[in-house]
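What follows is a set of notes on a single structure, which appears directly below.
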Amino acid sequence: MSHPHRLIALLCCVLGCSVAGNAAKAQDITHSFLACGQKTYLMGADGKAIWTYPSASRDGYVLDDGTIILTLNKSKRHRGGAVVRIAPDGKETLIWKGTQSEVNSAHPTEDGTFVITEAGDQPRLLELSSTGEVILEFPLACQKKNHHMQTRMARKLADRTYLVPHLLDFAVFHYDDKGKILGKLDTTVPGDSEHKIHSWPFTAIRHGDGQTLVTCTNGNRVVDFDADGNVIWTLTNDDLPGAWLQDPCGAQVLPNGNIVITSYAGGRADVDAPKLLEVTRDKKVAWTYRDGQKVGVHHFQIGTTNGKEIVGPILK
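The sequence shown lines up with residues -23 to -1, 1 to 293 when you count with mature numbering (1 follows the signal peptide of the UniProt record, and there is no 0).
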């Protein structure tokens, strides 16, 4: 395994973008990124992996100093999943070893803590110190029967509350720091009271003026809610050149307002299908990433755009 260094120093190449369909003209956009999934790697903007990790991951962040935080799938090594820190010199330390069925996310906060969720008989959110000490914990109000479908990408907000998607509950729950439910964003497709369309929330991103962007994985939809909980923007495959939303799990809102979305099932039926897709707010395709493999991307972090490091909060 090669060693990661500071992200901006590593990811400095140039990759020609692939744009099709409703993009009127190929745009000069390049990205480098961290990819999490069955394969975990840092991709340079030239389309070549510059660092790989030997285990599958669910979520990941690259910090300003090049440290990588990974949420690992459950495995023989970590039966309940884990969260690890990989220093720029390659040294790995364990932050959290899962105690139940799965660890589904780990959000590094501005306070230097980590917000994680565990799925299992007692689904819960925990906030850990930088050394892995539990400093906050509360139960999650999701269904308990199906552990794997309890929750995904939990994020701490600037007001010290938490957004937590609950898949089979078809809602993003908003919790305070005591676990009280402050509100819910319903991801049910309008008119689908029987939930025949599996519009399961996966990633919820607070951005703009109180808006919340939500990827709805099996339903192949991305929706944006305003501060009052009204849906103000929806992206489906009807808006794209093809069926490019295939299990959209992760997403990131870029500083220019564009949205990058990953299709976790992208590649299974068509290896040339986009694994990452960037769209503008008017639903124009700005950039795609394709790698010719059947393995998709579960979540990701865009590191640089056109050779420049993303500035400001990472909204993913």
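Glycine included, every Cβ here is placed at the ideal spot set by N, Cα and C.
From the DSSP output, which residues share a beta bridge with residue i?
i      : result
Val141 : Phe150
Pro116 : Arg101
Asp36  : Thr48
Leu217 : The partner list for Leu217 (beta bridge, DSSP) is empty, contrary to what the question assumes.
Glu255 : Val237 and Trp264
Gln278 : Leu11
Gln270 : For Gln270, which the question treats as bridged, DSSP gives no partner whatsoever.
Thr165 : The partner list for Thr165 (beta bridge, DSSP) is empty, contrary to what the question assumes.
Asp201 : Leu190 and Trp210
Glu158 : The residue you asked about is not Glu; residue 158 is Ile in the sequence shown. The partner list for Ile158 (beta bridge, DSSP) reads Tyr152.
Val111 : Leu105
Is residue i buried or exposed, if buried means 16 or more other CB atoms sit within 10 Å of its CB?
i       : result
Gly(-3) : Here the model assigns Gly(-3) a pLDDT of 32, short of 50, so the residue's position is not dependable, and the following value carries that caveat. Gly(-3) should be labelled exposed.
Ala3    : Confidence at Ala3 is low in this model, with a pLDDT of 43, below 50, so the placement of that residue should be treated as unreliable; the coordinate-derived value is given next. Exposed: under 16 other Cβ atoms inside 10 Å.
His276  : buried
Arg129  : buried
Ala135  : exposed
Ile46   : buried
Pro31   : exposed
Asn283  : exposed
Asn197  : buried
Thr239  : buried
Leu231  : buried
Glu255  : buried
Ser107  : exposed
Gly43   : buried
Glu87   : exposed
Thr192  : buried
Return the first residue and the last residue of the beta strand (DSSP E) that residue i is part of.
i      : result
Pro85  : Glu79 to Pro85
Ile27  : Ala26 to Tyr30
His184 : Pro178 to His184
Met130 : Taken as a continuous stretch (DSSP letters only), Met130 belongs to no beta strand (DSSP E), as it is neither H nor E.
Pro225 : Pro225 to Val230
Ala96  : Phe91 to Ala96
Ile291 : Element bounds for Ile291: n/a, residue is neither H nor E.
Ile72  : Glu69 to Lys74
Val61  : Ala59 to Ile63
Met20  : Thr17 to Met20
Could you check how far apart the C-beta atoms of residue i and residue j are, in whole angstroms? I think they sit under 8 Å.
i     : j      : result
Phe91 : Lys155 : Not really, about 19 Å apart at Cβ, beyond 8 Å.
Ser34 : Leu49  : 6 Å
Exercise. Touching or not, the segment 172 to 179 and the segment 103 to 121, by the rule of three or more beta carbon pairs under 8 Å?
Worked result: Touching, no.
For this session: Check whether the segment 268 to 286 touches the segment 248 to 257, counting contact only when three or more Cβ pairs, one atom from each stretch, lie closer than 8 Å.
Result: Pairwise C-beta distances place the segment 268 to 286 in contact with the segment 248 to 257, as three or more of them are shorter than 8 Å.
For this session: For the segment 141 to 149 and the segment 174 to 192, state whether three or more C-beta atom pairs, one from each stretch, are separated by less than 8 Å.
Result: These segments touch.
Exercise. If you pair each beta-carbon of the segment 92 to 101 with each one of the segment 62 to 78, do three or more pairs fall below 8 Å?
Worked result: Between the segment 92 to 101 and the segment 62 to 78 there are three or more inter-stretch CB-CB distances shorter than 8 Å, so the stretches are counted as touching.
Problem set entry | the segment 160 to 168 contacting the segment 101 to 119, beta-carbon criterion three pairs below 8 Å | Result no; under three Cβ-Cβ pairs closer than 8 Å.
Exercise. Can at least three beta-carbon pairs, one atom from the segment 7 to 25 and one from the segment 217 to 225, be found at a separation below 8 Å?
Worked result: Contact fails: fewer than three Cβ-Cβ distances are below 8 Å.
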